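Engineer: Structure below; questions to follow.
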Amino acid sequence: MTITDGGSVQASAEPLLTARRVRKRFGKVDVLKGITLSVAKGEVMCLLGPSGSGKSTFLRCINHLETIDGGRINFDGELIGYTQRKGALQEMTPREVARQRRGIGMVFQRFNLFPHMTALENVTTAPIGIRKIPKTKAVAEARELLDQVGLADFAHAHPAQLSGGQQQRVAIARALAMEPKLMLFDEPTSALDPELVGDVLDVMQKLAKSGMTMVVVTHEIGFARGVADSIVFMDEGVVVESGPPSEILRSPRHQRTKAFLDSVM
Amino acid sequence: MPRSDLTHYGASGTRPPVDLSPLPADDGENDDDVVALPLRHTWRWVAAGVLGLGFVWLASSLWNNENVDHATIAKFMFSGQIVHGAVLTIVLTFLAMVLSTILGVVLALMRLSSNPVLSGLAWLYIWVFRGTPLLVQIVFWGYLGLLYKQISLGVPFTDFTVFAADTNTLIPAFVAGVIALTTNQAAYTAEIVRAGMLSVDPGQKEAAYSLGMTPLFTLLKVELPQAMRVIIPPMGNETISMLKDTALLSLIAVLELYTVAERISAQNLRQVELLVVVSCWYLVLTSVLSVPQYYLERHFGRGSRVLGPTPIGRVVALLRRQPKPRVTAKESL
């Protein structure tokens with residue numbers, strides 16, 4: 001995986017990810033009440049919505065960090081986390097889920113770098129141990145990725161020695177090292193000091209331009225306006241409305257969307 | 266909010282006037298350029314002196330005690346029997362710690378498992394072996410022959426047997442001792458390992474899983490290395506306890522350090538002298554054990570704190586009289 005500035009890639013019609021009527025409960029609370037959406041290859045989708053709207057939970061369902069209670073998530077021609085058995089879905093074993101997750105990278109709000117490893121080891125551990133590529137190749141690829149996120153000089157630093165923005169960029173490099181087809185971003189800049197947000201957004205924008213399919217949960221309206229191909233506005237576990245940024249951000253149809261946008265802009 | 270709520274300058278709400286006139290220029294006439302010294306700890310020196318005197322008095326009263334025969338201490342300190350006992354103590358400690366750590370990690374993982382059968386079984390094990398005295402367990406394993414005359418391997422409730430042997434030949438005192446120490450220690454180790462695993466941020470597991478790592482790979486590469494930071498210090502403690510607990514095996518006649526000393530003193534009636542001998546041995550052995558603990562803590566603490574030079578490194582640096590290494594911008598980040 002490389003981040004190349006190949007110009008904006010037009011989203012093709014072929015969907016890479018589809019979610020149909022995805023339901024999720026936490027105890028007595030219906031967090032997701034039937035989410036249906038589809039993401040085309042090369043598309044950058046931003047999920048917006050007030051906190052508690054279920055957007056982060058939905059993102060975590062896409063790579064099966066959360067189980068679902070109903071509906072289907074299809075990624076790259078496979079049902080994620082479940083196999084169809086007669087009228088119901090049966091959860092897969094952890095090993096099978098692990099195999100599926102290799103195609104989906106994820107970046108977390110709190111970075112979640114491995115603190116006992118250097119930046120380079122953070123990036124190389126999964127490719128060497130899971131993709132089974134030779135160590136020298138993995139190190140060369142990792143150095144290239146660290147260079148692309150602007151951290152070539154920090155390969156041997158531990159996460160505790162890096163700023164939040166640097167840690168998040170290492171986390172992006174770590175996810176890309178598995179050569180995923182889809183990248184999930186869960187509020188990647190929310191835990192950063194304001195002056196560090198720009199560097200992370202720049203890397204994400206470069207990644208989007210290179211043609212990576214991305215689903216981004218964010219509060220950065222500027223990023224959504226400038227980079228996203230589509231915006232999905234969620235509230236209380238449902239998709240309120242979706243469409244291109246020009247439509248949703250400039251002339252939202254629903255009162256809830258209007259109220260949210262007024263409060264954040 | 267009314268302004269008076271925010272002010273600390275009394276009910277009037279007025280603020281004192283601010284003096285904006287520039288500070289007088291430093292004309293060198295005052296003595297502001299003065300040296301600041303740290304607090305002097307006079308009483309530390311007094312306390313150290315008093316305690317030092319007390320220790321000298323205690324040591325001399327022990328040394329000059331006519332009931333202690335120095336020749337006997339010297340004679341047995343490095344006698345063949347005692348050294349042999351000490352070697353067996355070390356072997357017992359090593360075997361029991363290695364085996365109990367393996368068993369303890371397995372038990373901890375079972376206890377943390379979402380499988381209720383596994384976690385229930387681990388809970389039961391820990392309940393039994395932590396809940397009964399070690400002394401009782403040692404005697405139980407030592408006298409297992411009283412409970413089961415023979416140990417056989419076969420199909421239960423049938424006459425078909427693959428292998429059968431007399432319990433006392435299959436489990437001699439040494440083996441019974443290792444089993445007793447191992448099974449008991451594993452219960453404590455399991456709880457230490459479990460605490461270590463719980464100390465790892467759950468986000469670590471999620472990040473590992475999101476990279477396509479399997480649960481076993483995540484455990485070995487991500488969770489256990491981080492849990493070790495919390496596990497190592499109490500495990501050092503447990504190893505030192507284990508070294509001393511081997512003395513309890515005198516109950517089932519395992520010829521380790523304390524049993525040997527006990528047997529010698531039963532013959533020459535020099536109990537105090539032999540206790541001095543074994544105490545010296547235990548002190549030296551426990552002191553030696555704290556060295557690997559220091560280095561293990563260092564190894565697994567990487568990434569979480571800045572590591573200074575080791576004591577040996579400090580001595581080497583002192584001998585070489587190296588100039589202080591300059592901290593470069595990259596290292597100080």
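Protein chains in written order, with this note's numbering: chain A, 1 to 265; chain B, 266 to 598. Just so you know, even glycine gets a beta-carbon here, dropped at the ideal spot from N, CA and C. Values in this document were obtained by computation on a predicted structure and should not be read as measured data.
(1) On the CB-based measure, 16 or more other CB atoms within 10 Å of its CB, does A/F260 come out buried or exposed?
(2) If you compare alpha carbons, which of A/V44, A/G87 and A/V22 is closest to A/M204?
(3) Which residues of chain A have a Cβ atom closer than 9 Å to the Cβ of B/E471, listed in chain order?
(4) Name, going along the chain, the residues of the segment 132 to 143 of chain A whose beta-carbon falls closer than 7 Å to a beta-carbon of chain B.
(5) Let me confirm a value: B/Y560 is counted as buried when at least 16 other C-beta atoms fall within 10 Å, else exposed. Which label applies?
(6) Apply the 10 Å Cβ neighbour rule to B/Y413 and answer buried if 16 or more other Cβ atoms are within range, or exposed otherwise.
(7) Go ahead and pull the three-state DSSP assignment for A/D5.
(8) Between the beta-carbon of A/A142 and the beta-carbon of A/L176, is there less than 7 Å?
(9) Does B/V420 come out as helix, strand or coil in the three-state DSSP assignment?
(10) DSSP state of A/Q148, grouped into three classes?
(11) My guess is that A/K24 and A/I68 are in contact by the Cβ rule of under 8 Å, so how many angstroms apart are they, rounded?
(12) Three Cβ pairs or more, each shorter than 8 Å: is that satisfied between the segment 477 to 489 of chain B and the segment 397 to 417 of chain B?
(13) Which residues bound the alpha helix (DSSP H) around A/A55?
(14) Using a Cβ cut-off of 9 Å, which residues of the segment 77 to 98 of chain A contact any Cβ in chain B, in chain order?
(15) In its own chain, which residues sit with a C-beta less than 8 Å from the C-beta of B/L425, not counting the 5 before and 5 after it?
(16) What do you reckon, are the CB atoms on A/M234 and A/G54 nearer than 7 Å?
(17) In or out: A/F26 buried (at least 16 other Cβ within 10 Å) or exposed?
(18) With a threshold of 16 other CB atoms inside 10 Å of the CB of B/S599, please say whether the residue is buried or exposed.
(19) Out of B/W388, B/K509, B/V300 and B/L288, point me to the one whose CA is closest to B/V543's CA.
(20) At 9 Å on the CB atoms, spell out the chain A contacts of B/Q491, in chain order.
(21) Note down the Cα distance separating B/I496 from B/N449, rounded to an integer number of angstroms.
(22) Is A/H158 buried or exposed, if buried means 16 or more other CB atoms sit within 10 Å of its CB?
(23) Mapping the DSSP letters down to three states, classify A/Q109 as helix, strand or coil.
(24) In chain order, what residues of the same chain lie with their CB nearer than 7 Å to the CB of A/A191, ignoring the 5 residues before and after it?
(25) What are the partner residues of A/T124, as DSSP defines its beta bridges?
(26) Rounded to whole angstroms, what's the CA-CA distance from B/L554 to A/G198? Just pull it up for me.
(27) Which one or two residues does DSSP pair with A/T218 in a beta bridge?
(28) What whole-angstrom Cβ distance do A/I231 and A/L182 have, given they're in contact under 8 Å?
(29) Roughly how far, in whole angstroms, is the beta-carbon of A/V39 from the beta-carbon of A/L17, given that I think they are within contact range, below 8 Å?
(30) For A/L176, which three-state DSSP category applies?
(31) Please report the distance separating the alpha-carbon of B/G407 from that of B/E562.
(32) Would you please state the rounded distance, in angstroms, between the beta carbons of A/R95 and B/T479? I believe it to be under 8 Å.
(33) Using 7 Å as the threshold, is the C-beta distance between B/T354 and B/T511 below it?
(34) How many angstroms separate the CA atom of B/P421 from the CA atom of A/K137?
(35) Taking 7 Å as the cut-off, decide whether the C-beta atoms of A/E66 and A/K41 are in contact.
(36) Given this structure, state the Cα-to-Cα distance separating B/A245 from B/V393, to the nearest angstrom.
Structural biologist: The answer reads as follows:
(1) As a working note, residue 260 of chain A is residue 260 in the first sequence. Buried, since its Cβ has 16 or more Cβ neighbours within 10 Å.
(2) Indexing the first sequence from 1 puts residue 204 of chain A at position 204. Among A/V44, A/G87 and A/V22, the Cα nearest to that of A/M204 belongs to A/V44.
(3) On the second sequence, residue 471 of chain B is found 206 positions in, with the first residue counted as 1. Result: R60, L65, M106, F108 and N112.
(4) none
(5) Within the second sequence, numbered from 1, the residue matching residue 560 of chain B stands at position 295. Result: exposed.
(6) In the second sequence, counting from the first residue as 1, residue 413 of chain B sits at position 148. With fewer than 16 Cβ atoms within 10 Å of its Cβ, B/Y413 is classed as exposed.
(7) Here residue 5 of chain A is taken as the residue at index 5 of the first sequence, counted from 1. Only weak support is given to the placement of A/D5: the predicted model assigns it a pLDDT of 45, under 50, and the question is left unresolved by the model.
(8) Residue mapping note: residue 142 of chain A aligns to position 142 of the first sequence, counting from 1. Residue mapping note: residue 176 of chain A aligns to position 176 of the first sequence, counting from 1. The answer is no: Cβ separation not under 7 Å.
(9) Within the second sequence, the letter at position 155 stands for residue 420 of chain B. In this structure, B/V420 counts as coil in the three-state DSSP scheme.
(10) Within the first sequence, residue 148 of chain A is the residue found at index 148, counting from 1. A/Q148 falls in the helix class under three-state DSSP.
(11) Here residue 24 of chain A corresponds to residue number 24 of the first sequence, with the count starting at 1. Here residue 68 of chain A corresponds to residue number 68 of the first sequence, with the count starting at 1. Their Cβ separation, rounded to whole angstroms, is 5 Å, which keeps A/K24 and A/I68 in contact under 8 Å.
(12) no
(13) On the first sequence, position 55 is the one that residue 55 of chain A refers to. In the sequence as displayed, the identity of residue 55 of chain A is Lys instead of Ala. Here the alpha helix (DSSP H) through A/K55 covers K55 to I62.
(14) P94, R95, V97 and A98
(15) Within the second sequence, residue 425 of chain B is the residue found at index 160, counting from 1. Looking at the sequence shown, residue 425 of chain B is not Leu but Phe. G419, listed in sequence order.
(16) Here residue 234 of chain A refers to the residue found at position 234 when the first sequence is read from its first residue. Here residue 54 of chain A refers to the residue found at position 54 when the first sequence is read from its first residue. It is a contact, given that the beta carbons lie within the stated cut-off.
(17) Position 26 of the first sequence, counted from the start, is the residue given in the question as residue 26 of chain A. Exposed: under 16 other Cβ atoms inside 10 Å.
(18) The question about residue 599 of chain B has no answer, for chain B in this structure spans 266 to 598.
(19) To locate residue 543 of chain B, count along the second sequence from 1; it is residue 278. Among B/W388, B/K509, B/V300 and B/L288, the Cα nearest to that of B/V543 is on B/K509.
(20) Translated into the one-based positions of the second sequence, residue 491 of chain B becomes position 226. The answer, in chain order, is F114, P115 and H116.
(21) Residue mapping note: residue 496 of chain B aligns to position 231 of the second sequence, counting from 1. Residue mapping note: residue 449 of chain B aligns to position 184 of the second sequence, counting from 1. Going by the C-alpha atoms only, they are around 18 Å apart.
(22) Sequence index remark: in the first sequence, residue 158 of chain A carries index 158 (1-based). Buried, since its Cβ has 16 or more Cβ neighbours within 10 Å.
(23) Translated into the one-based positions of the first sequence, residue 109 of chain A becomes position 109. In the structure shown, A/Q109 sits in coil (DSSP, three-state: anything other than H, G, I, E or B).
(24) Here residue 191 of chain A is taken as the residue at index 191 of the first sequence, counted from 1. Taken in chain order, the residues that qualify are Q109, R110 and G164.
(25) Position 124 of the first sequence, counting from 1, holds the residue named residue 124 of chain A. Bridge partners of A/T124: none, in fact.
(26) For the purposes of this step, residue 554 of chain B is identified with residue 289 of the second sequence, where counting begins at 1. For the purposes of this step, residue 198 of chain A is identified with residue 198 of the first sequence, where counting begins at 1. For B/L554 and A/G198, the distance between alpha carbons rounds to 51 Å.
(27) To locate residue 218 of chain A, count along the first sequence from 1; it is residue 218. Looking at the DSSP assignment, A/T218 forms no beta bridge with any residue, so it has no partner.
(28) By one-based count along the first sequence, residue 231 of chain A stands at place 231. By one-based count along the first sequence, residue 182 of chain A stands at place 182. Wrong, their Cβ atoms sit about 18 Å apart, outside the cutoff.
(29) Mapped onto the first sequence, residue 39 of chain A falls at position 39. Mapped onto the first sequence, residue 17 of chain A falls at position 17. That pair is a contact at about 4 Å.
(30) To locate residue 176 of chain A, count along the first sequence from 1; it is residue 176. A/L176: helix per DSSP, three-state reduction.
(31) Looking up residue 407 of chain B in the second sequence gives position 142. Looking up residue 562 of chain B in the second sequence gives position 297. The straight-line gap from Cα to Cα measures roughly 36 Å.
(32) Residue mapping note: residue 95 of chain A aligns to position 95 of the first sequence, counting from 1. Residue mapping note: residue 479 of chain B aligns to position 214 of the second sequence, counting from 1. The pair is a contact, with the Cβ atoms about 6 Å apart (cut-off 8 Å).
(33) Position 89 of the second sequence, counted from the start, is the residue given in the question as residue 354 of chain B. Position 246 of the second sequence, counted from the start, is the residue given in the question as residue 511 of chain B. Against a cut-off of 7 Å, the Cβ pair of B/T511 and B/T354 comes out as a contact.
(34) As a working mapping, residue 421 of chain B is identified with position 156 in the second sequence. As a working mapping, residue 137 of chain A is identified with position 137 in the first sequence. Rounded to whole angstroms, B/P421 to A/K137 spans 55 Å at the Cα level.
(35) Within the first sequence, the letter at position 66 stands for residue 66 of chain A. Within the first sequence, the letter at position 41 stands for residue 41 of chain A. No, Cβ-Cβ distance for A/E66 and A/K41 is not below 7 Å.
(36) Not covered by the structure: residue 245 of chain B. The range shown for chain B is 266 to 598.
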